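Colleague: I have a structure I would like to understand better, so I am pasting it below and will then ask my questions one at a time.
Residue numbers (our numbering): 6 to 162.
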């Protein structure tokens, strides 16, 4: 039986993903199960968001929001007391953006990731970032590669 929490605040999320401080972009874990995760955040509106450029927080950064939800999902699925598998975003495909920027979106962003398939080496997720009314801002698919020298920081022989 897992004792992983069903919801988490920002501090709880930061303990479970490799991002901390202002680079932890998710504010709240809303719900999750073995196949999917839903998070919310308002960090897109913060003037000190580390992904913001002179042009604002551009929509392609929605992929990073989704990637952090995927990392959190992996951490929650890890066996109690174990270290989650190290991973990195290997590709994002079929990405569709319906806005140019995220920083001018009112209210919270809703970040959803659905695991479509996977094994101990890679996982395929489908993701969507919506505004608080449900309008899709960004969506696509992403492959996360696990336990490789690049993901773990080790050097290949």
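Heads up, the beta-carbon is just placed ideally off N, CA and C, and yes, glycines get one too. Note that the coordinates shown come from a computational prediction; the quantities given were computed from them, not determined experimentally.
Considering only their Cβ atoms, is the gap separating residue 45 from residue 113 smaller than 8 Å?
Modeller: Taking 8 Å as the Cβ cut-off, residue 113 and residue 45 qualify as a contacting pair.
Colleague: Which two residues bound the contiguous beta strand (DSSP E) that contains residue 102?
Modeller: 92-102 is the extent of the beta strand (DSSP E) around residue 102.
Colleague: Residue 29 bridges to which residues according to DSSP?
Modeller: Residue 29 pairs with nothing; no bridge assigned.
Colleague: Hey, out of 43, 20 and 105, whose CA is closest to residue 119's CA?
Modeller: It is 43.
Colleague: Which full runs of the beta strand (DSSP E) of 3+ residues lie inside the segment 33-83, going along the chain?
Modeller: Qualifying beta strand (DSSP E) stretches, in chain order: 33-37 and 41-46.
Colleague: Which two residues bound the contiguous alpha helix (DSSP H) that contains residue 169?
Modeller: Any answer about residue 169 is impossible in this case: the structure gives the chain only from 6 up to 162.
Colleague: In the DSSP assignment, find the beta strand (DSSP E) that holds residue 122 and state where it starts and stops.
Modeller: Run containing residue 122: 114-123, per the beta strand (DSSP E) assignment.
Colleague: Look up residue 127 in the DSSP assignment and say whether it is helix, strand or coil.
Modeller: Strand at residue 127.
Colleague: Look at the alpha carbon of residue 150 and the alpha carbon of residue 40, and state the distance between them as a whole number of angstroms.
Modeller: Each residue's alpha carbon lies about 17 Å from the other.
Colleague: Exposed or buried, which one is residue 6 when buried takes at least 16 other CB atoms within 10 Å?
Modeller: Its pLDDT being 40, under 50, residue 6 is placed unreliably by the model, and the measurement read from it follows with that caveat. That one is exposed.
Colleague: Could you tell me which of 35, 132, 14 and 32 sits nearest to residue 96, measuring between CA atoms?
Modeller: Taking only the C-alpha atoms, the option nearest residue 96 is 132.
Colleague: In the DSSP assignment, what residue or residues form a beta bridge with residue 85?
Modeller: DSSP output for residue 85 lists no bridge partner at all.
Colleague: For the beta strand (DSSP E) containing residue 146, list its first residue and its last residue.
Modeller: Here the beta strand (DSSP E) through residue 146 covers 141-151.
Colleague: Less than 8 Å between the beta carbons of residue 116 and residue 74, yes or no?
Modeller: Yes.
Colleague: Which of the three DSSP states is assigned to residue 9 in this structure?
Modeller: Three-state DSSP puts residue 9 in coil, outside helix and strand.
Colleague: So, using beta-carbon positions, are residue 226 and residue 79 closer together than 8 Å?
Modeller: As displayed, the chain neither begins before 6 nor continues past 162, which places residue 226 out of reach and without an answer.
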